[in-house]
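Note sheet for the following structure.
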Amino acid sequence: MPNSQIQISNVSKIFSTGGNEIVALDDINLEIQAGEFICLLGPSGCGKSTLLNAIAGFSPPTSGKITVDGKPVQKPGPDRGIVFQEYALFPWMTVEKNIAFGLEIKKIPKAQIKGQVDALLKMLNMQDFRDRYPKDLSGGMRQRVAIARVLALDSPIMLMDEPFGALDSLTRRNLQDELLRIWMEFKKTIIFVTHSIEESIYLADRIIVMTYRPGKIKKEVIVTMPRQRDPSSVEFNELKKILSLLVMEEQTRHHEDQIKVSTAD
Amino acid sequence: MPFALLALWQYLSSQAIVNPQILPAPTTVIAKWWEYLAPPDAFDASQSSYLAWLFSGEMIRDAYASLYRVVVGFLIGGILALPLGLMMGANDRVYKLFNPLIQILRPIPPIAFIPLSILWFGLGNPPAIFLIVLGAFFPILMNTIAGVRHVDSIYIRAAQSLGAGQTTMFLRVMLPAATPYILTGARIGVGTAFIVVIVAEMIAVNNGLGYRILEAREFFWSDKIIAGMFTIGLLGLAIDTGMNSLNNYLLKWHRGMESK
Chain A
88 MPNSQIQISN VSKIFSTGGN EIVALDDINL EIQAGEFICL LGPSGCGKST LLNAIAGFSP
148 PTSGKITVDG KPVQKPGPDR GIVFQEYALF PWMTVEKNIA FGLEIKKIPK AQIKGQVDAL
208 LKMLNMQDFR DRYPKDLSGG MRQRVAIARV LALDSPIMLM DEPFGALDSL TRRNLQDELL
268 RIWMEFKKTI IFVTHSIEES IYLADRIIVM TYRPGKIKKE VIVTMPRQRD PSSVEFNELK
328 KILSLLVMEE QTRHHEDQIK VSTAD
Chain B
-17 MPFALLALWQ YLSSQAIVNP QILPAPTTVI AKWWEYLAPP DAFDASQSSY LAWLFSGEMI
43 RDAYASLYRV VVGFLIGGIL ALPLGLMMGA NDRVYKLFNP LIQILRPIPP IAFIPLSILW
103 FGLGNPPAIF LIVLGAFFPI LMNTIAGVRH VDSIYIRAAQ SLGAGQTTMF LRVMLPAATP
163 YILTGARIGV GTAFIVVIVA EMIAVNNGLG YRILEAREFF WSDKIIAGMF TIGLLGLAID
223 TGMNSLNNYL LKWHRGMESK
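Just so you know, the protein sequences line up as chains A and B, in that order. Its first residue numbered 88, the first sequence is counted upward by one per residue in the working numbering. Its first residue numbered -17, the second sequence is counted upward by one per residue in the working numbering.
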């Protein structure tokens, strides 16, 4: 397909640590269309974050090619906004300054930046927190600001690395709904890494299940259920069962691997 | 407890159990301290303004001279150490280039530079300030390097993905992220500078608190020695309090700092 926004062809990534070679990604091929919501699903150590980092441009693949809009990815850039797993807000900047940071780099006029920050804060219902520092915010609010920081730059692609992993389930559901709203309103392409099966079904157009070492694509599942999806519906739960089996196989391999490692020590 | 000690001290000296020449009574010291602080002449409006008169006491002039040396030396030391530390922390090549030299110079106490500094700069303020620069330079340098090296890579990656170039990365990410370390270095540096200034004044100059207590020894004015030491303590406390409030202000975003 020539018109896919992100093309990942034959991508492999090998980490060598102290003589050991770990194949984190093994011959990954994936095409992502503009506006798609993709979830990368798998147990920890399956290379889903490695793949995301490669798309982000933080660590280039050992072999293979990643292109975005036909251009090869070489370094990180504002066309691919990232929301991290940890709280990667700058703690020395207020909420306002965090959101404005990318815009100030682009040398956008002050008045315009202020207008944009205002609009984003309003959309996220956080006007009262404009002058607060990240340490004063709850986990959910911090991730809202992290999303706003990316939205401010109007990146067409949003890369999200287990962004809601540390949140309680209620906050998590809230943010998932908010993210879906943003996704529909701004027509972003989202690549979302998660190890939660339910989260992936709730959010994604397409779920990419990955295997544990070497990291390969085990299966692609297209989710056709209309949104807002109901986690208690029969359809939802059937898909959950299928995905659980797939992920459990990999989780077991991961577990066996860990036992091997610990007995080898 | 301090009162009990004071009382004991007063008792020992006033009963001449210890020689008051060696350990004068606290009351004598306080009287001397006041005399040292107070203006020497009566106020005369035709000679000077009231404010100038108020600060014409010997102690005020000594404290000012010492403080001036500390501030100038500390600022020069900081201005040299900060950029070098930032570069050494951020760039491995620069680090390898300067590190051997620094590792050799750093363990030499600034005091050991006294002969050389007099040889190079003669007497007066320059050698004293040179020594203070040395005393302030290394703690700030070492902590700045450590601070930059400990910047969480997630901030770097976040800034890169938001489009930050080298200068932005330096000034708006690395520098603030390293601030807690840098301020620790500054606080140690100012402490060292204060120690060094007293020693330097005993040797190279003829005013300042360090000079004054050495001078007092030559006249056997033990009450003035203790009064001078007391002033040194007060000034040190004031400097540390000042650094502490600067710290609290600059790190108001820091998780560990509860806003007061």
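For each residue, glycine too, the CB sits at the ideal point set by N, CA and C.
Chain A partners of Arg237 of chain B, CB-CB under 8 Å? Position 255 of the second sequence, counted from the first residue, corresponds to residue 237 of chain B. By Cβ distance, chain A contributes Pro178 and Lys222.
Please confirm whether Gly144 of chain A and Gly164 of chain A have their CB atoms less than 8 Å apart. By one-based count along the first sequence, residue 144 of chain A stands at place 57. By one-based count along the first sequence, residue 164 of chain A stands at place 77. Going by C-beta atoms, Gly144 of chain A is nearer than 8 Å to Gly164 of chain A.
Return the residue from the list A:Ser99, A:Arg293 and A:Met245 that minimises the CA-CA distance to Ile309 of chain A. As a working mapping, residue 309 of chain A is identified with position 222 in the first sequence. Ile309 of chain A has its Cα closest to that of A:Arg293, out of A:Ser99, A:Arg293 and A:Met245.
So which of B:Leu216, B:Gln142 and B:Phe119 has the shortest CA-CA distance to Val178 of chain B? Indexing the second sequence from 1 puts residue 178 of chain B at position 196. Of the candidates B:Leu216, B:Gln142 and B:Phe119, the one whose C-alpha sits nearest the C-alpha of Val178 of chain B is B:Phe119.
Would you identify the three-state DSSP class for Asn116 of chain A, choosing helix, strand or coil? The count along the first sequence starts at 1 and reaches residue 116 of chain A at position 29. DSSP places Asn116 of chain A in strand when its eight states are reduced to three.
In whole angstroms, give me the CA-to-CA distance for Val0 of chain B and Pro178 of chain A. Your numbering for residue 0 of chain B matches position 18 in the second sequence. Your numbering for residue 178 of chain A matches position 91 in the first sequence. Computed Cα separation, rounded: 59 Å.
Compute the beta-carbon to beta-carbon distance between Ala175 of chain A and Thr137 of chain A, rounded to the nearest angstrom, for a pair I have assumed lies under 8 Å. The sequence position of residue 175 of chain A within the first sequence is 88, counting from 1. The sequence position of residue 137 of chain A within the first sequence is 50, counting from 1. Not a contact, Cβ separation roughly 18 Å.
Which ranges would you report for the alpha helix (DSSP H) in the segment 220 to 252 of chain A if only whole runs of at least 4 residues count? 226 to 239
Ignoring anything shorter than 3 residues or poking outside the segment 50 to 126 of chain B, list the beta strand (DSSP E) runs there in chain order. none
Under a three-way DSSP split, which group does Asn185 of chain A fall into? Numbered from its first residue, the first sequence carries residue 185 of chain A at position 98. Asn185 of chain A: helix per DSSP, three-state reduction.
Closest to Ile96 of chain B by C-alpha separation, out of B:Glu183, B:Leu144, B:Val54 and B:Ala141, would be which residue? On the second sequence, residue 96 of chain B is found 114 positions in, with the first residue counted as 1. When each option's Cα is compared against that of Ile96 of chain B, the closest is B:Glu183.
Contact under 8 Å by Cβ, Ser204 of chain B with Leu66 of chain B: Here residue 204 of chain B is taken as the residue at index 222 of the second sequence, counted from 1. Here residue 66 of chain B is taken as the residue at index 84 of the second sequence, counted from 1. Going by C-beta atoms, Ser204 of chain B is not nearer than 8 Å to Leu66 of chain B.
Verify the CB distance criterion: does Arg167 of chain A have a CB-CB separation below 8 Å to chain B? For the purposes of this step, residue 167 of chain A is taken as the residue at position 80 of the first sequence. For Arg167 of chain A, the answer is yes, since a Cβ of chain B falls inside 8 Å of its Cβ.
Evaluate Asn185 of chain A with the Cβ neighbour count: other Cβ atoms within 10 Å of its Cβ, from every protein chain shown; 16 or more gives buried, anything less gives exposed. As a first step, residue 185 of chain A is located in the first sequence; it is residue number 98 there, counting from the start. Buried, by the Cβ-count rule.
My output table needs one value for Met297 of chain A: the three-state DSSP class, helix, strand or coil. Position 210 of the first sequence, counted from the first residue, corresponds to residue 297 of chain A. DSSP places Met297 of chain A in strand when its eight states are reduced to three.
For chain B, is any of its Cβ atoms less than 8 Å away from the one on Ile234 of chain A? Counting from one through the first sequence, the residue named residue 234 of chain A turns up at place 147. For Ile234 of chain A, the answer is no, since every Cβ of chain B falls outside 8 Å of its Cβ.
Start and end residues, beta strand (DSSP E) containing Ser150 of chain A: Taking the first sequence and counting its residues from 1, one reaches residue 150 of chain A at position 63. Unbroken beta strand (DSSP E) run through Ser150 of chain A: Ser150 to Val155.
Of all the alpha helix (DSSP H) runs that stay within the bounds of the segment 273 to 341 of chain A, which reach a length of 4 or more residues? 284 to 290
Contact belief for Ala168 of chain A with Ser242 of chain A at Cβ below 8 Å, rounded distance in angstroms: Against the first sequence, residue 168 of chain A aligns to sequence position 81. Against the first sequence, residue 242 of chain A aligns to sequence position 155. Reading the sequence as shown, one finds Gly at residue 168 of chain A and not Ala. Their Cβ separation, rounded to whole angstroms, is 4 Å, which keeps Gly168 of chain A and Ser242 of chain A in contact under 8 Å.
Please determine, among A:Glu307, A:Lys327 and A:Arg340, the residue with the shortest C-alpha to C-alpha distance to Ile115 of chain A. Here the question's residue 115 of chain A lines up with position 28 in the first sequence. Selected option, being the one with the closest Cα: A:Glu307.
Gln(-3) of chain B versus chain A: which residues are under 7 Å apart at the beta carbon? For the purposes of this step, residue -3 of chain B is taken as the residue at position 15 of the second sequence. Those within 7 Å of Gln(-3) of chain B in chain A number zero; the least Cβ separation is about 58 Å.
What is the DSSP secondary structure of Gly129 of chain A, reduced to helix, strand or coil? Position 42 of the first sequence, counted from the start, is the residue given in the question as residue 129 of chain A. DSSP places Gly129 of chain A in coil when its eight states are reduced to three.
Continuous alpha helix (DSSP H) stretch holding Gly224 of chain B: start and end: Your numbering for residue 224 of chain B matches position 242 in the second sequence. That run of the alpha helix (DSSP H) goes Ser204 to Leu232.
Taking the straight line between their C-alpha atoms, what separation do you get for Tyr32 of chain B and Asp23 of chain B? Position 50 of the second sequence, counting from 1, holds the residue named residue 32 of chain B. Position 41 of the second sequence, counting from 1, holds the residue named residue 23 of chain B. Rounded to the nearest angstrom, the two C-alpha atoms are 12 Å apart.
How about Met156 of chain B and Leu68 of chain B: do their beta carbons lie closer than 8 Å? Here residue 156 of chain B refers to the residue found at position 174 of the second sequence. Here residue 68 of chain B refers to the residue found at position 86 of the second sequence. Yes. Within cutoff.
Interfacial residues, the segment 125 to 150 of chain B to chain A, with Cβ spacing under 9 Å: Asp134, Ile136, Tyr137, Arg139, Ala140, Ala141, Gln142, Ser143, Leu144, Gly145, Ala146, Gly147 and Thr150
Are three or more beta carbon pairs between the segment 205 to 222 of chain B and the segment 68 to 78 of chain B nearer than 8 Å? no
Apart from the five residues just before and just after Asn230 of chain B, which ones in its own chain have a Cβ nearer than 6 Å to its Cβ? As a position in the second sequence, residue 230 of chain B is number 248, starting the count at 1. None.
For Gly226 of chain A, return the contacting residues in chain B, with the cut-off set at a CB-CB distance below 9 Å. Here the question's residue 226 of chain A lines up with position 139 in the first sequence. Under the 9 Å cutoff, chain B gives no residues; its nearest Cβ is about 14 Å from Gly226 of chain A.
Based on Cα-Cα distance, which residue from B:Gln148, B:Thr174, B:Leu83 and B:Ser30 lies nearest to Ile111 of chain B? Residue 111 of chain B sits at position 129 when you count from the first residue of the second sequence. Comparing Cα-Cα distances from Ile111 of chain B to each of B:Gln148, B:Thr174, B:Leu83 and B:Ser30, the minimum goes to B:Thr174.
Strictly under 8 Å for the Cβ-Cβ distance: is Gly189 of chain A near chain B by that measure? For the purposes of this step, residue 189 of chain A is taken as residue 102 along the first sequence, with counting starting at 1. It does: the Cβ of Gly189 of chain A has a partner Cβ on chain B nearer than 8 Å.
What does a CB cutoff of less than 6 Å around Glu183 of chain A pick up in its chain, not counting 5 residues either side in sequence? Locating residue 183 of chain A in the first sequence gives position 96, where the first residue counts as 1. Excluding residues within five positions, the ones whose Cβ falls inside 6 Å are Val204 and Arg217.
Span of the alpha helix (DSSP H), counted from its first residue to its last, around Lys100 of chain A: Mapped onto the first sequence, residue 100 of chain A falls at position 13. Here Lys100 of chain A belongs to no alpha helix (DSSP H); instead the beta strand (DSSP E) covers Ile93 to Thr104.
Kindly indicate which residue of B:Trp15, B:Pro89 and B:Met225 has the alpha-carbon position closest to the one of Arg169 of chain B. Here residue 169 of chain B is taken as the residue at index 187 of the second sequence, counted from 1. Comparing Cα positions, the closest option is B:Met225.
Could you check whether the segment 122 to 131 of chain A touches the segment 269 to 283 of chain A, counting it as contact only if at least three pairs of C-beta atoms, one from each stretch, sit closer than 8 Å? yes
If we cut at 8 Å on Cβ distances, does Gly164 of chain A have a partner in chain B? For the purposes of this step, residue 164 of chain A is taken as the residue at position 77 of the first sequence. Output row for Gly164 of chain A: interface = yes.
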